[in-house]
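K.L.:
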Amino acid sequence: MKQLTILLLIIAGSAFAQTNEYTLPEGTLTLAEARRIALDNNPGVTRALKNIEAAQAVVQQARSLWYPTLTASAGYTRNAVDIQPDWNPTVRYKDSFNDVTAGLQAQWLLFDGFARQANVLSTKYAVEVTEQIHADVQRLLLDAVTTAFSQAQLALEAMAIAAQDLSFNRQLESDSQKRYDVGAIPEADLLNFSVRALQAEILFLKAERNYHIACTILAQLMAVPGSELVADQQPVRYSGMTTVALPTFESELAYALRHRPDLLALDAARSALQQQVRAKRGSYAPQIAAVAGVEYENRTDLSVNDMNNRESYVGLAATWDLFTGGRRPAQIRETIAQLAALEETYSEYILRIQSGIRQSLETARVAFETYQRSQQAYDLTVRIRESSEIL
19 MKQLTILLLI IAGSAFAQTN EYTLPEGTLT LAEARRIALD NNPGVTRALK NIEAAQAVVQ
79 QARSLWYPTL TASAGYTRNA VDIQPDWNPT VRYKDSFNDV TAGLQAQWLL FDGFARQANV
139 LSTKYAVEVT EQIHADVQRL LLDAVTTAFS QAQLALEAMA IAAQDLSFNR QLESDSQKRY
199 DVGAIPEADL LNFSVRALQA EILFLKAERN YHIACTILAQ LMAVPGSELV ADQQPVRYSG
259 MTTVALPTFE SELAYALRHR PDLLALDAAR SALQQQVRAK RGSYAPQIAA VAGVEYENRT
319 DLSVNDMNNR ESYVGLAATW DLFTGGRRPA QIRETIAQLA ALEETYSEYI LRIQSGIRQS
379 LETARVAFET YQRSQQAYDL TVRIRESSEI L
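Set out below in structure tokens:
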């Protein structure tokens with residue numbers, strides 16, 4: 019919608035610009051090429067892609083909880099003991115020895131109240147959020163590139179109009195000088211054309227400034243080093259447009275609700291929070307795990323015989339947090355509150371989209387009607403100038 023508005027404004031101005039005695043920039047950069055370069059080089063797009071990779075890694079972390087864990091342990095200590103049992107105070111045992119231990123334990127979580135499943139689903143929705151954010155970054159970037167590109171073209175047409183106006187008034191000034199020299203017109207008429215020529219020159223300088231600013235913004239979006247477009251990188255001059263009917267509010271809104279990445283990201287974030295609530299509620303259930311392992315201990319340098327102990331085991335272990343000081347219900351309330359806040363954000367986005375569409379449609383309507391009247395003004399201007407040249 020914004021692109022259509024700017025293009026209508028451009029054609030409204032370019033209707034007046036037919037010749038140009040000044041040298042205007044002759045860039046070859048098309049809008050499609052500018053968009054492609056921006057998508058390839060803009061750091062914001064690359065950052066969004068890295069966020070997707072990070073979210074995918076979080077999914078793998080959540081999935082790892084479904085697999086058993088295998089833990090190896092080993093240790094060495096030098097021990098000095100001095101034992102005198104209370105039940106026999108006449109006995110005292112003192113010794114120093116080396117203690118070497120090693121072990122291997124496997125543990126497999128079998129049940130945790132379905133919290134793992136909910137966490138995996140939550141991370142998958144988080145990946146979808148980052149993917150939609152990436153798409154939205156691309157959307158906003160393309161919108162900004164199009165705006166900057168069109169503003170550069172609009173400024174270029176304004177330069178052409180000012181140059182044309184300057185050339186015309188300089189010609190009239192020259193003709194008036196001849197008439198003034200023979201006393202056919204007063205000095206005020208001569209100075210009037212000089213003032214108009216200076217005004218046209220001022221407009222040209224302002225349009226030139228706007229053109230360079232737009233090119234600088236475009237270079238920034240395209241991640242051009244130094245934020246400066248060289249001659250062949252500058253936007254190509256606008257060549258015309260095909261008039262189309264303006265879309266309706268209903269069709270634009272329906273399309274936005276189906277395709278806007280920021281809305282789709284909010285949908286995925288809502289699903290992720292819902293799964294987080296489910297995972298936190300799962301913490302109320304006990305955790306049951308299968309465990310198995312082997313252990314080895316070797317004690318040497320004893321005053322009596324050295325000892326070698328070997329042990330293996332297999333079984334089930336269960337843990338159940340009966341009281342956590344209110345931590346679990348507080349976590350659930352926190353996530354539910356975040357979910358409610360997200361719903362309000364979604365409603366805010368809908369209002370913002372509706373307002374943006376209405377503003378764009380109104381701007382496009384006025385721009386289109388301005389273009390039609392500019393065409394009429396152009397025809398009248400041509401007739402006026404032709405009449406002036408005849409005189």
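Residue numbers for the sequence shown follow the numbering used here, so the first one is 19 and each next one is one higher. Ideal Cβ positions, reconstructed from N, Cα and C, are used throughout, including at glycine.
(1) With a cut-off of 8 Å, do at least 3 Cβ pairs link the region 113-120 to the region 245-252?
(2) Using CA coordinates, which residue listed in PRO107, VAL147, TRP126 is at the minimum distance from PRO279?
(3) Helix or strand or just coil, what does DSSP make of THR48?
(4) Count the other CB atoms within 10 Å of the CB of TYR331; is the residue buried (16 or more) or exposed (fewer)?
(5) Would LEU282 pass as an interface residue toward chain B - the criterion being a Cβ-Cβ separation below 7 Å?
(6) Decide if ASN60 is buried, meaning its Cβ has at least 16 other Cβ atoms within 10 Å, or exposed.
(7) Within a Cβ cutoff of 6 Å, which residues of the same chain sit near ASN137, ignoring the five residues on either side of it in sequence?
(8) Can you tell me which of the three DSSP states ILE235 falls into?
(9) Have a look at ILE24 and SER257 and give me their C-alpha separation to the nearest angstrom.
(10) CA-CA distance, GLY31 and ALA176?
(11) Among SER91, PHE211, TYR111, which residue has its Cα nearest to the Cα of ASP100?
(12) Out of curiosity, what's the CA-to-CA distance linking GLY343 and GLN349?
(13) Look at the alpha carbon of ALA411 and the alpha carbon of SER392, and state the distance between them as a whole number of angstroms.
(14) Can you tell me which of GLN292, LEU209, VAL109 puts its alpha carbon nearest to the alpha carbon of LEU360?
(15) Please list the terminal residues of the continuous beta strand (DSSP E) segment that includes ASP100.
(16) Using a Cβ-based criterion (distance less than 6 Å to any ligand heavy atom), does ASP250 qualify as near the ligand ZN?
(17) First and last residue of the beta strand (DSSP E) that includes TYR314?
(18) Under three-state DSSP, which class holds GLY131?
(19) Cutting at 7 Å between CB atoms, please list the residues of its own chain near GLN2, excluding the five before and the five after it.
(20) Can you find the residues in the same chain that come closer than 6 Å, C-beta to C-beta, to GLN251, ignoring five residues on each side of it along the sequence?
(21) Cβ atoms of VAL163 and ARG54: under 7 Å apart, would you say?
(22) I'd like the ranges of any alpha helix (DSSP H) spanning at least 4 consecutive residues and lying wholly in the region 172-252.
(23) What does the alpha-carbon distance come out to for the pair ILE354 and ARG345?
(24) First and last residue of the beta strand (DSSP E) that includes VAL332?
(25) State the CB to CB distance for the pair TYR367 and LEU284, rounded to an integer number of angstroms; the pair is presumed to be in contact (CB under 8 Å).
(26) Can you look up THR266 in the DSSP assignment and give me helix, strand or coil?
(27) For SER91, count neighbouring C-beta atoms within 10 Å of its own C-beta (all shown protein chains included) and say buried if the count is 16 or more, exposed if not.
(28) Between which two residues does the alpha helix (DSSP H) containing SER301 stretch?
(29) Tell me which residue opens and which closes the alpha helix (DSSP H) that GLY62 is part of.
(30) Quick one: using the 10 Å Cβ neighbour count with 16 as the cut-off for buried, is GLY45 buried or exposed?
(31) By alpha-carbon positions, which one of GLY300, SER378, VAL155, ALA133 ends up nearest to LYS68?
(32) Assuming contact is defined by CB atoms lying nearer than 7 Å, are ASN228 and ALA286 in contact in what I supplied?
(33) Give me whichever residues DSSP pairs with VAL109 in a beta bridge.
(34) Excluding five sequence neighbours on each side, which residues of the same chain lie with their C-beta closer than 8 Å to the C-beta of PRO103?
P.N.:
Working from what's here:
(1) They do not touch, by the three-pair rule.
(2) VAL147
(3) Three-state result, THR48: coil.
(4) In the assembly as shown, TYR331 is an exposed residue. Its beta-carbon has fewer than 16 other beta-carbons within 10 Å.
(5) In the displayed structure, chain B is absent; only one protein chain is listed.
(6) Classified as buried, ASN60 has 16 or more neighbouring CB atoms from the shown chains inside 10 Å of its CB.
(7) ALA80, ALA297
(8) helix
(9) The pLDDT assigned to ILE24 is 45, lower than 50, so where the model puts this residue is not dependable, and the model offers no usable value.
(10) In this prediction, GLY31 scores a pLDDT of 45, lower than 50, which makes its location untrustworthy; no coordinate-derived value is stated.
(11) TYR111
(12) Approximately 12 Å between the Cα atoms of the pair.
(13) Residue 411 lies beyond the residue range present for the chain, which begins at 19 and ends at 409; the question has no answer from this structure.
(14) GLN292
(15) 87-101
(16) No copy of the ligand ZN occurs in the structure displayed, which carries no ligand at all.
(17) 305-318
(18) coil
(19) With the chain covering only 19 through 409, there is no way to say anything about residue 2.
(20) LEU47
(21) no
(22) Listed in chain order, they are 205-239.
(23) Roughly 14 Å separates the two Cα atoms.
(24) 325-337
(25) 7 Å
(26) Three-state result, THR266: coil.
(27) exposed
(28) Under the DSSP assignment, SER301 falls outside any alpha helix (DSSP H); it carries neither an H nor an E label.
(29) 61-81
(30) buried
(31) VAL155
(32) Going by C-beta atoms, ASN228 is not nearer than 7 Å to ALA286.
(33) Its beta-bridge partners do not exist; DSSP assigns none.
(34) VAL109
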